[in-house]
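>
2 protein chains.
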Amino acid sequence: MSGVGAAPIGVFDSGVGGLTVLRAIHEQLPGESTVYLGDTARVPYGPKSPDTIRRYANEAAEFLLDRGVKVLVIACNTATAHASRRLSDRLDIPVIGVVRPGASEAVRVTRNGRIGVIGTRGTIDSGTYERAIRRVLPEAKVRSQACPLFVALAEEGWVSGDVAELTARTYLEGLLREGVDTLVLGCTHYPLLRGMLEDVAGPAITLVDSAEATARHTANVLDREGLRDERAAVSRQYFVTDDAERFEQLAEGFLGARVDGIEVVELGG
Amino acid sequence: MSGVGAAPIGVFDSGVGGLTVLRAIHEQLPGESTVYLGDTARVPYGPKSPDTIRRYANEAAEFLLDRGVKVLVIACNTATAHASRRLSDRLDIPVIGVVRPGASEAVRVTRNGRIGVIGTRGTIDSGTYERAIRRVLPEAKVRSQACPLFVALAEEGWVSGDVAELTARTYLEGLLREGVDTLVLGCTHYPLLRGMLEDVAGPAITLVDSAEATARHTANVLDREGLRDERAAVSRQYFVTDDAERFEQLAEGFLGARVDGIEVVELGG
Chain A
1 MSGVGAAPIG
11 VFDSGVGGLT
21 VLRAIHEQLP
31 GESTVYLGDT
41 ARVPYGPKSP
51 DTIRRYANEA
61 AEFLLDRGVK
71 VLVIACNTAT
81 AHASRRLSDR
91 LDIPVIGVVR
101 PGASEAVRVT
111 RNGRIGVIGT
121 RGTIDSGTYE
131 RAIRRVLPEA
141 KVRSQACPLF
151 VALAEEGWVS
161 GDVAELTART
171 YLEGLLREGV
181 DTLVLGCTHY
191 PLLRGMLEDV
201 AGPAITLVDS
211 AEATARHTAN
221 VLDREGLRDE
231 RAAVSRQYFV
241 TDDAERFEQL
251 AEGFLGARVD
261 GIEVVELGG
Chain B
270 MSGVGAAPIG
280 VFDSGVGGLT
290 VLRAIHEQLP
300 GESTVYLGDT
310 ARVPYGPKSP
320 DTIRRYANEA
330 AEFLLDRGVK
340 VLVIACNTAT
350 AHASRRLSDR
360 LDIPVIGVVR
370 PGASEAVRVT
380 RNGRIGVIGT
390 RGTIDSGTYE
400 RAIRRVLPEA
410 KVRSQACPLF
420 VALAEEGWVS
430 GDVAELTART
440 YLEGLLREGV
450 DTLVLGCTHY
460 PLLRGMLEDV
470 AGPAITLVDS
480 AEATARHTAN
490 VLDREGLRDE
500 RAAVSRQYFV
510 TDDAERFEQL
520 AEGFLGARVD
530 GIEVVELGG
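Taken in sequence, the protein lines are chains A and B. The C-terminal residue of the first sequence carries number 269 in this note's numbering, and the numbering is unbroken. The C-terminal residue of the second sequence carries number 538 in this note's numbering, and the numbering is unbroken.
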């Protein structure tokens, strides 16, 4: 165990959604300490301009670097799309986004090369998953669908039932008709809807959870870089930029565990 | 016509929702010029802390004062709840929020004193409508219901149809059971859902549109203060703090007209 190995994994998102990625990291890397930063004062990033998002991502990265993280996981599709490459070039630690792990996993599991991607309007309009999938499998047929209501359903806790199912059927109708055999959950909120989405999609379609794929990729990167830690005692820290109370209320649904000791911090100037 | 009368009405919201208030102002006060400011870089205000919201509202007010507005309409329930009184005390021009006009209208139309209020979680949790209604009618029975999915439905354009109706039935079930005869639309997004909500609520319930009530109150304030303008040529200016494109896409649904020449500005420091 090296000194660097004992450092925490930094996970950053615009709000609570990234907690699904953190949850997968906790499950797959139980010996690792983590520091989570939710930029709740400025959520959501989706409607903001690329320059603004890059500035926010830089500030979040600086904050986590100051806390000594050994790897930075950008658990936010919007920030990954606009800031991951630049952060990766600029920082001395590995930077992991949520898009490429999900895209690679989709290519690995598809049999017919028809891959569906669902996400927020911002993620879908950016074409970031489509490009990432085509980089690995140029002949892939990617069909994307923005599902803006899913975030509201997940935060409302309406993760099953009539409204959720009817909404999902409406959004997925086109994808299903085009015969996709793989469906990428391209938004960190969507793992909460996974069971319902599996029912609606049916047994012929494999769901790819970007959160789980990102955690697996993080484990691989730690192994490759010799950064794995296997301590018995781990620390889990949580920071937000506004309204710790609302974050705490929502956190359990996303993380699968209660979150205590959330600290409110200020980013930027 | 005085020099001050020729000045525009300033309307401020965290995003596009306030355009329903602006629309009602345009309809009821067609001779008035308007300046709209949507703080799209920091939308939504709901999850942010009262201090943060007050700071944002101050910055927005300063921006509109610099453009010479003769009255300030806070077309945002969250900002009204946390900032309207302080702004009213501090500024030399009339400050109009969306809560009191809607509350007064509800008291005017109710026959049985049972008033339902729907809004975002932030607005409902703040109890602001309940207090405003009870100030006018202390014996009113107010039943409030947060409807977080309605904003997403309005922005998605799903303002009628199965998903919208099923969502509305789920949210309104309790209010209907308690025999309210009046339902206040306590969120600037909700006028888009009005037709569907009328169907779900049924003919025995009167819907109160806070946007329309606020425009009527604005007309009254202008008359009272001798600030009415009746020029043939009016100007309508639009400012946002980020992503003019998305604002423009959504604007037509909220305003009932295309919005041109949106200018992006920076607030605060």
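No residue lacks a Cβ here, since even glycine has one placed at the ideal position from N, Cα and C. Here the structure is a predicted model, which is why all the values come from computation and not from measurement.
In chain order, which continuous runs of the beta strand (DSSP E) of length 3 or greater are located wholly inside the stretch 74–116 of chain A?
Those beta strand (DSSP E) runs which fall completely within the stretch 74–116 of chain A and span 3+ residues are 95–97.
> Just to confirm before moving on: does the CB-CB distance between Gly174/A and Ser210/A stay below 8 Å?
Here residue 174/A is taken as the residue at index 174 of the first sequence, counted from 1. Here residue 210/A is taken as the residue at index 210 of the first sequence, counted from 1. Taking 8 Å as the Cβ cut-off, Gly174/A and Ser210/A do not qualify as a contacting pair.
> Going by beta carbon distance, what residues of the same chain come within less than 7 Å of Arg228/A, once the five residues before and after it are set aside?
Here residue 228/A is taken as the residue at index 228 of the first sequence, counted from 1. Excluding sequence neighbours, Arg228/A sits near Gly5 and Leu222.
> At the level of alpha carbons, what is the spacing between Glu481/B and Phe523/B?
Reading the second sequence from its first residue, position 212 is the one you call residue 481/B. Reading the second sequence from its first residue, position 254 is the one you call residue 523/B. Going by the C-alpha atoms only, they are around 13 Å apart.
> Kindly list the residues whose CB is nearer than 8 Å to the CB of Gly448/B, restricted to its own chain and excluding five residues on each side of it in sequence; keep chain order.
For the purposes of this step, residue 448/B is taken as residue 179 along the second sequence, with counting starting at 1. Same-chain partners within the cutoff: Asn381 and Arg383.
> If you scan the stretch 20–68 of chain A from start to end, which runs of the alpha helix (DSSP H) of 4 or more residues do you find wholly inside it?
If we require 4 residues or more, the alpha helix (DSSP H) runs fully inside the stretch 20–68 of chain A come out as 50–66.
> Comparing the C-beta of Glu532/B with each C-beta of chain A, is any distance below 8 Å?
Translated into positions along the second sequence, residue 532/B becomes position 263. By this cut-off, Glu532/B is not an interface position.
> In chain B, which residues lie with their C-beta within 8 Å of the C-beta of Asp242/A?
By one-based count along the first sequence, residue 242/A stands at place 242. The contacting residues are Pro316, Lys317, Ser318 and Thr321.
> Give the secondary structure of Gly443/B by DSSP, where H, G and I count as helix, E and B as strand, and everything else as coil.
In the second sequence, counting from the first residue as 1, residue 443/B sits at position 174. In the structure shown, Gly443/B sits in a helix (DSSP, three-state: H, G or I).
> Note down, in chain order, all residues in the stretch 147–167 of chain A with a beta-carbon under 8 Å from any beta-carbon belonging to chain B.
Answer in chain order: Pro148, Leu149, Val151, Ala152, Leu153, Glu155, Glu156, Trp158, Asp162, Val163, Leu166 and Thr167.
> So, are the CB atoms of Ala375/B and Val469/B less than 8 Å apart?
In the second sequence, the residue the question calls residue 375/B occupies position 106. In the second sequence, the residue the question calls residue 469/B occupies position 200. Cβ distance not < 8 Å, so Ala375/B and Val469/B don't count as in contact.
> Can we say the stretch 274–291 of chain B touches the stretch 30–46 of chain A, given the rule of at least three CB pairs closer than 8 Å?
The stretch 274–291 of chain B, when compared against the stretch 30–46 of chain A, does not touch it at the 8 Å Cβ threshold.
> Which of helix, strand or coil does DSSP assign to Ser144/A?
Walking along the first sequence from the start, residue 144/A turns up at place 144. It is a strand residue.
> Name the one or two DSSP bridge partners that Asp282/B has.
For the purposes of this step, residue 282/B is taken as the residue at position 13 of the second sequence. Partner(s): Gly307/B.
> If we count Cβ pairs, one from each stretch, closer than 8 Å, do we get three or more for the stretch 115–130 of chain A versus the stretch 138–156 of chain A?
Yes, they touch.
> Take Glu517/B as the anchor and find which of Val342/B, Asp529/B, Gln506/B and Gly525/B has the nearest alpha-carbon.
Looking up residue 517/B in the second sequence gives position 248. Of the listed residues, the one whose Cα sits closest to Glu517/B is Asp529/B.
> Quick check on Ile262/A: does DSSP put it in helix, strand or coil?
The residue given as residue 262/A occupies position 262 in the first sequence. Of the three classes helix, strand and coil, the one that applies to Ile262/A here is coil, per DSSP.
> Tell me whether Gly541/B sits in a helix, a strand or coil according to DSSP, three-state version.
In this structure chain B extends from 270 to 538, so residue 541/B is not present and cannot be described.
> With a cut-off of 8 Å on the beta carbons, I'd call Thr349/B and Gly366/B a contact; round off their distance for me.
Here residue 349/B refers to the residue found at position 80 of the second sequence. Here residue 366/B refers to the residue found at position 97 of the second sequence. Yes, Thr349/B and Gly366/B are in contact; Cβ-Cβ is about 3 Å, under 8 Å.
> To the nearest angstrom, how far is the alpha carbon of Ala75/A from that of Gly17/A?
To locate residue 75/A, count along the first sequence from 1; it is residue 75. To locate residue 17/A, count along the first sequence from 1; it is residue 17. When rounded, the distance between both Cα atoms is 8 Å.
> Alpha carbon to alpha carbon, how far is Val142/A from Arg500/B? Give it in angstroms, no decimals.
For the purposes of this step, residue 500/B is taken as residue 231 along the second sequence, with counting starting at 1. For the purposes of this step, residue 142/A is taken as residue 142 along the first sequence, with counting starting at 1. The alpha-carbon atoms of Arg500/B and Val142/A are separated by roughly 55 Å.
> Rounded to the nearest angstrom, what separates Trp158/A and Leu87/A at their Cα positions?
Numbered from 1 along the first sequence, position 158 holds the residue referred to as residue 158/A. Numbered from 1 along the first sequence, position 87 holds the residue referred to as residue 87/A. Distance between the alpha carbons of Trp158/A and Leu87/A is about 35 Å.
> With distance defined between alpha-carbon atoms, name the residue in Ala484/B, Arg446/B, Tyr398/B and Val386/B nearest to Arg369/B.
In the second sequence, residue 369/B corresponds to position 100, counting from 1. The residue with the shortest Cα to Cα distance from Arg369/B is Tyr398/B.
> Is there a Cβ from chain B that is less than 8 Å from the Cβ of Arg177/A?
Counted from its first residue, the first sequence places residue 177/A at position 177. Judged by the 8 Å Cβ criterion, Arg177/A is not in contact with chain B.
> Name the residue from Lys70/A, Gly102/A and Gly38/A whose alpha carbon lies nearest to the alpha carbon of Glu59/A.
Numbered from its first residue, the first sequence carries residue 59/A at position 59. Residue Gly38/A is the option with its Cα nearest to Glu59/A.
> Under three-state DSSP, which class holds Gly464/B?
As a working mapping, residue 464/B is identified with position 195 in the second sequence. The answer is helix: DSSP assigns Gly464/B an H, G or I state.
> Below 8 Å on the Cβ atoms is my guess for Asp242/A versus Ser318/B; work out the distance and round it to an integer in Å.
Taking the first residue of the first sequence as position 1, residue 242/A is located at position 242. Taking the first residue of the second sequence as position 1, residue 318/B is located at position 49. So it is a contact: roughly 6 Å between Cβ atoms.
> Could you give the uninterrupted runs of the beta strand (DSSP E) lying entirely in the stretch 483–515 of chain B, keeping only those of 3 residues or more?
Those beta strand (DSSP E) runs which fall completely within the stretch 483–515 of chain B and span 3+ residues are 505–509.
> Given a threshold of 16 other Cβ atoms within 10 Å of its Cβ, counted over all protein chains shown, does Ser373/B qualify as buried or as exposed?
The count along the second sequence starts at 1 and reaches residue 373/B at position 104. It counts as buried.
> Taking buried to mean at least 16 other C-beta atoms within 10 Å of its own C-beta, is Ser235/A buried or exposed?
Locating residue 235/A in the first sequence gives position 235, where the first residue counts as 1. That one is exposed.
> At a Cβ threshold of 8 Å, is Arg515/B touching chain A?
Here residue 515/B corresponds to residue number 246 of the second sequence, with the count starting at 1. Judged by the 8 Å Cβ criterion, Arg515/B is in contact with chain A.
> Secondary structure at Ile133/A, three-state DSSP: helix, strand or coil?
In the first sequence, counting from the first residue as 1, residue 133/A sits at position 133. In the structure shown, Ile133/A sits in a helix (DSSP, three-state: H, G or I).
> Could you check what DSSP says for Asp162/A in three-state terms: helix, strand or coil?
Numbered from its first residue, the first sequence carries residue 162/A at position 162. Three-state result, Asp162/A: helix.
> Quick check on Ala41/A - is its C-beta less than 8 Å from some C-beta in chain B?
Start at 1 with the first residue of the first sequence, and residue 41/A comes out as number 41. Yes, its Cβ sits closer than 8 Å to a Cβ of chain B.
> Could you give the first and the last residue of the continuous beta strand (DSSP E) run that contains Asp478/B?
Indexing the second sequence from 1 puts residue 478/B at position 209. Here the beta strand (DSSP E) through Asp478/B covers Thr475 to Asp478.
> Measure from the C-beta of Thr439/B to each C-beta in chain A and report whether the shortest distance is under 8 Å.
As a working note, residue 439/B is residue 170 in the second sequence. Output row for Thr439/B: interface = yes.
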